[in-house]
Each structure stands twice: as C-alpha cells, then as structure tokens.
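Just so we're on the same page, my numbering is the position in the sequence shown counted from 1, plus 94. Glycine included, each C-beta is placed from N, C-alpha and C at the ideal position. Report on the structure given below.
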Amino acid sequence: MHPMFVASGTAQPVPVWFVNAAGYPGLREQLSSAAIAFADAAGFEPKPGRHLLLPGENGSGALGGVLFGIEADDAPKDWFLPGRLPGLLPAGTYRFGNAPHDTRLAALAFALGAYRFTRYRAGDDKPVRLAMPEGIDGDDVGRIAEGVTLARDLINTPANDMGPAELDEAARQLAARHGASVRTVAGDELIAENFPLIHAVGAASSRAPRLIDLRWGDADAPKITLVGKGVCFDTGGLDLKPDSAMLLMKKDMGGAAAVLALAHMIMDRGLKVRLRVLIPAVENSVAGNAFRPSDVFRSRKGLNVEIGNTDAEGRLVLADALAAADEESPELIVDMGTLTGAARVALGPELPPYYTDDETLAAEVARHAAAENDPLWRLPLWQRYDQNIDSKVADVNNVAAGGMAGSIICALFLKRFVSAAKSWLHFDIYAWTPSSKPGRPEGGECQAARALYALLKQRYGR
Ligand code: BES
Ligand code: MN
Ligand code: ZN
Numbered sequence: 095m096h097p098m099f100v101a102s103g104t105a106q107p108v109p110v111w112f113v114n115a116a117g118y119p120g121l122r123e124q125l126s127s128a129a130i131a132f133a134d135a136a137g138f139e140p141k142p143g144r145h146l147l148l149p150g151e152n153g154s155g156a157l158g159g160v161l162f163g164i165e166a167d168d169a170p171k172d173w174f175l176p177g178r179l180p181g182l183l184p185a186g187t188y189r190f191g192n193a194p195h196d197t198r199l200a201a202l203a204f205a206l207g208a209y210r211f212t213r214y215r216a217g218d219d220k221p222v223r224l225a226m227p228e229g230i231d232g233d234d235v236g237r238i239a240e241g242v243t244l245a246r247d248l249i250n251t252p253a254n255d256m257g258p259a260e261l262d263e264a265a266r267q268l269a270a271r272h273g274a275s276v277r278t279v280a281g282d283e284l285i286a287e288n289f290p291l292i293h294a295v296g297a298a299s300s301r302a303p304r305l306i307d308l309r310w311g312d313a314d315a316p317k318i319t320l321v322g323k324g325v326c327f328d329t330g331g332l333d334l335k336p337d338s339a340m341l342l343m344k345k346d347m348g349g350a351a352a353v354l355a356l357a358h359m360i361m362d363r364g365l366k367v368r369l370r371v372l373i374p375a376v377e378n379s380v381a382g383n384a385f386r387p388s389d390v391f392r393s394r395k396g397l398n399v400e401i402g403n404t405d406a407e408g409r410l411v412l413a414d415a416l417a418a419a420d421e422e423s424p425e426l427i428v429d430m431g432t433l434t435g436a437a438r439v440a441l442g443p444e445l446p447p448y449y450t451d452d453e454t455l456a457a458e459v460a461r462h463a464a465a466e467n468d469p470l471w472r473l474p475l476w477q478r479y480d481q482n483i484d485s486k487v488a489d490v491n492n493v494a495a496g497g498m499a500g501s502i503i504c505a506l507f508l509k510r511f512v513s514a515a516k517s518w519l520h521f522d523i524y525a526w527t528p529s530s531k532p533g534r535p536e537g538g539e540c541q542a543a544r545a546l547y548a549l550l551k552q553r554y555g556r
C-alpha cells in the first residue's frame, strides 16, 4: 500500500470528525463535555476547511481528535477538500471518525494533498498517515496516488534533468517494475524507421529525439494504445516564445507523464488489455539545423505536412506516433498532450477538453471524470473548421490562419492521422496547478489519467 496509508485497525489513530452545520449538533453528543467546552472556547465553526485540534482526555497530552469542516449536504462540493488535512495536522496517524462526503475520494485527496516535490529541496518531513477507512480498496487508492505522484515528479523536474533520455529512463523503470518491454527509436534511426516529424521537431536539440514504445500484457487481449506528448522543453523553436510564455515549458511533457501514470495504474491492477504506450520525446530547440516555418515533411502516414509555425510542435510529434499506433488497428487510441494555450483560454487550467467521435465513449469519459473528481469537458471535432488547415503547397498545414478555435484545430489536425483504430480519444491538458488547491499542490499535475483508469477498469476490469 502507499506509504501514506496504514491498514485499518492500526493501534490508536487520532479520529478526524467531518462536520457541517447540520451534522455538528449530533457530533457534539459523541464528544466529551471537556472537548465541547474546548471547541466552543476556541470559537470553532463547522464551515468548509475550518479545523480544530482537540485535546485528549484528562490532560493526557495526546491529541483527542480533529474537527474538520466540510460543505453543507446540499451545497456544491470540492471532493478533495480533505486534501487540506496533511498540511494542517501534526505528524501522526489518523482515521476518519465519521464519513466525509465521499470516503474514497477523501482518502485519495489525503494522499495527493501530502505530495511535495523534494528533489532539490527537502520537504518539511512531517509523517502524517491515514488508517484506510473500512470498506475502501486501499490498494487501489494507493496505486492511483502512486501514479499521480510519478506524473507530478516527472513534470516538476526541470528540463536540464528531464530530457528525452531521462524520460526514456523513467519509462524503462516503470516497465521493469511491471514486466513490460520497451523499445526506443532514437536520433537518426527515426529517419530510417520513418518517423520524420519526430526527427524534425527534435533535430535542433543536442539531446537526441526519440520514440519510446512500451508494451505490456496478453497479446490477444483488446489493444489499448496510449500516446503522450513528451516535449521536454518547448522554446517554440525558430518561432521562439517570449520569456513569459516559455517560463513553464518544462511541463510540456505533461502528456507523457499522464500516460505513464495511467500505464502504472493499468499494469499494477492487471487489467485485461494489451497495453502499448508511445511517447515521442523531444526538445523543441533552436539551432542552425532547426526545422523552419514553410518547411514541408512527408509524415509517417504519408501526408505531406507544411510547417506554418514551429511552436505547434506537439501535434507534429503526436502525428507520427498516432500513425504508428493506428497501424495495428487497436480497439482504442488515447492521446494526451499540453498542446494549446487556447485550451487554457477556453476552459482554464483545471478543466481539460477532450475530443472523440465515439458518442458512447464520450459519455463514459464525462461520467468517470465527475465520479473521480478528475474534471474533463468535451469539445467538438467541428468538421467545418477542418478546411482551415488545408495547405496551399502540401496536404495539411500544422496551424490555421487566424488563430481561432485553436484547441479544436489541433484536434482536427491529429484526427487526420488516425483512421484504423476503432475509437480515438484526445486530451488537450494543462498539466499544471497554478496555485494550490486542496489535494492539488501548486506545480505539475496529472490530468485525465484517473478518469481514464476508472473507465478502463470498468471495461476491462479485474
Ligand atoms: N506547449 C504549447 C502549448 C501550451 C502553451 C500549453 C501554454 C499550455 C500553456 C504548444 O506547443 C504551443 O506552443 N502551442 C501554440 C500553438 C500555436 C502556435 C498554433 C499555442 O498554443 O500558442
Ligand atoms: Mn509549442
Ligand atoms: Zn509544446
């Protein structure tokens, strides 16, 4: 189980009491008169996010319990509000004294809220643990938290320590743990093996571009292929980004991080699928051999692609990876990437858009996104905009003139490279929390993977 959690029944954990205005009077009847007097003297109010540490009985010096305010039963809820607890509580082992609004999500939020990125600066090292509530599958909560932690660590690691080779190494470590195999096509081999767009985008970096290809599971099981944008740093290329836009671009491998997190969950659970993960890992840099605006490349699929903008690089590397994924006609291709600023303009940092022509799948994604508190919002593959990426000299341009509907345009570009897969699902994620929210510390964030895991668990579950 995740190090955050201990088995239920562990000796003497401190109870956390979840209270709102309606539940507080009843709860007070369970507390000692001394505890009630203390709570009143401290002015505790059962409002969302408020907390109070209660003294133990008879001057024992121990904690007697914790009051934690949650939303009214009929109010909108942040299901991760209990993710504030690890930051508020002193070191120790806790249990849920009563039920929060959603016990499983509260336990998950507890683990996710305790995340710190400690690679370059020690954390406050305050071991706060939770006894897994009765009736909750602690192993599953733990594997989800572990996947999210992996993705956050990969995203938060700056590009000097997270280049294409290091991302490859991270995929290999994950593969070794789960008995998966990895094949990498790197540098000039990308030309020999027909990945021209991945090669073009990554050419200007001193760190060789590569395609990481992970496989796991029974060859006869339904084929599920995950494709993640692994741009380890996005300068914009010759269409260079200004300083403010470049600042966060270490997170441009957030799609790769999210698919690795999802792969971990799938493999650790042992879902009945043949999993494949494809990660085009590159650095979009500037040098004399950089690809240029107006260059034309014949892509893996055979479509000639005109470069309208070197900063629309994510869709280029995904195009070749999607074409490779499509060649074995899988049941489902899922791609994720930090593809457009337009997605963030439309829906903000915490609500990534997704795209698919499969109506059944679209509804399932919406349902699991809500149930897992992994918010996602469907946008349309609006075919009438498809002509906007027609090129005057080639089959397709990587950008549309005018810059409207940028996230849809990107999705339509990618769609041209998928034809044989039974279903295709595309996520334009942000992969970053700009300022801390309960269960979501500031920094790299794993988006869409938890919702997808729940969906795949239901379809191919064990
Ligand atoms: N990685 C960026 C997209 C991005 C930027 C995501 C900021 C999240 C925050 C992507 O490679 C990019 O630069 N996209 C361009 C596309 C444009 C040139 C059509 C963009 O969104 O500006
Ligand atoms: Mn870019
Ligand atoms: Zn990018």
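{"Item": "Sequence-distant residues of its chain with Cβ nearer than 6 Å to A225 (five each side left out)", "Value": "V100, S102, T104, P107, R189"}
{"Item": "Cα-Cα separation between F162 and G117, rounded to whole angstroms", "Value": "12 Å"}
{"Item": "Any non-hydrogen atom of the ligand MN closer than 7 Å to E377 Cβ", "Value": "no"}
{"Item": "Stretch-stretch touch, CB-based, cutoff 8 Å, three pairs: the region 167–176 with the region 196–212", "Value": "yes"}
{"Item": "Three-state secondary structure (DSSP) of L416", "Value": "helix"}
{"Item": "DSSP state of T527 mapped onto helix, strand, coil", "Value": "strand"}
{"Item": "Between the CA atoms of N192 and L244 - distance to the nearest angstrom", "Value": "31 Å"}
{"Item": "Other residues of its chain near G493: CB distance less than 8 Å, five sequence neighbours each side excluded", "Value": "According to the sequence displayed, residue 493 carries Val and not Gly. Same-chain partners within the cutoff: G402, N403, A406, I483, I503."}
{"Item": "V490 Cβ short of 7 Å to the ligand ZN heavy atom set", "Value": "no"}
{"Item": "Those residues, in chain order, that have a beta-carbon closer than 5 Å to some heavy atom of the ligand BES", "Value": "D328, D346, N403, D405, A406, G408, T432, T434, G435, V493"}
{"Item": "Neighbourhood of L549 by C-beta distance below 7 Å, restricted to the same chain and skipping five residues each side", "Value": "E458, V459, H462"}
{"Item": "Assigned exposure category for L334 - 16 Cβ within 10 Å defines buried", "Value": "exposed"}
{"Item": "For D489 and R510, the rounded distance between their alpha carbons", "Value": "10 Å"}
{"Item": "Burial state of V160, where buried means 16 or more other Cβ atoms lie within 10 Å", "Value": "buried"}
{"Item": "Rounded Cβ spacing between D307 and V276 (contact assumed at less than 8 Å)", "Value": "7 Å"}
{"Item": "Residue interval of the alpha helix (DSSP H) (run including S338)", "Value": "337–340"}
{"Item": "Simplified DSSP state of M359, which is helix, strand or coil", "Value": "helix"}
{"Item": "Where R144 sits in the DSSP three-state scheme", "Value": "coil"}
{"Item": "Segment contact, 8 Å Cβ cut-off, at least three pairs: the region 442–457 with the region 362–372", "Value": "no"}
{"Item": "E466 vs R394 beta-carbon contact at 8 Å", "Value": "no"}
{"Item": "DSSP-derived helix/strand/coil call for H520", "Value": "strand"}
{"Item": "Closer than 7 Å: V325 CB and nearest the ligand ZN heavy atom", "Value": "yes"}
{"Item": "G273 CB to nearest heavy atom of the ligand MN below 7 Å", "Value": "no"}
{"Item": "Distance between P184 and A562 (C-alpha atoms, nearest Å)", "Value": "Because residue 562 is not part of the residues shown, which for the chain are 95 to 556, the question remains open."}
{"Item": "Beta-carbon spacing of M430, G331 below 8 Å", "Value": "no"}
{"Item": "Close-in-space but distant-in-sequence residues of the same chain around P140 (CB under 6 Å, 5 per side omitted)", "Value": "V113, N114, A115, Y118, G163"}
{"Item": "Outcome for A203 when other beta-carbon atoms lying within 10 angstroms are tallied against a minimum of 16", "Value": "buried"}
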